[in-house]
Amino acid sequence: MNDFPYGYQYYTIGLGGTYRLSLEELADIPNVETYVSGVFSYRLGLLNGIEDDYTDHRQRIAVDYVVGAMYHFKGLGVFAEFGSSGTSNLSAGVFLTIKKNKKI
């Protein structure tokens, strides 16, 4: 399947926590949430060279921070975040929201 004479694999296992701050109350921006996250992760990189003549395995334990923002639509939302918590410094995506139950 791989036409290249080498192989590279990268794994990240992480555990994180998030503090969310709503801008709706502070700046009158509806449906926007900003957040700061702390992520504790274990990273493993495996590099296998031509016909296994060269191999290199590197591992790292890291504590990283991520800042981001979310915009909520009706049942859907988008997010963008910046920080070194995996393989990329900039992430963006779409998410589904779950309707909150009313308190009785």
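If you count the sequence shown from 1, position 7 lands on -3 in this note's numbering, and the numbers rise without skipping. Where is the CB? At the ideal position from N, CA and C, for every residue including glycine. Quick caveat, the model's predicted, so the values are computed rather than measured.
- Going by DSSP, ASN79 is part of no beta strand (DSSP E) at all; its letter is neither H nor E.
- At the C-beta level, GLY67 and TYR25 stay beyond 8 Å of one another.
- The criterion of a C-beta distance shorter than 8 Å is satisfied by GLY28 and GLY6.
- For ASP54, the enclosing beta strand (DSSP E) stretches over residues 45 to 62.
- DSSP, read as helix, strand or coil, puts GLY65 in coil.
- ASP46 is not a Cβ neighbour of GLY73, given a cutoff of 8 Å.
- Excluding the 5 residues flanking it on each side, THR8 has same chain C-beta neighbours closer than 6 Å at TYR25, SER27, in chain order.
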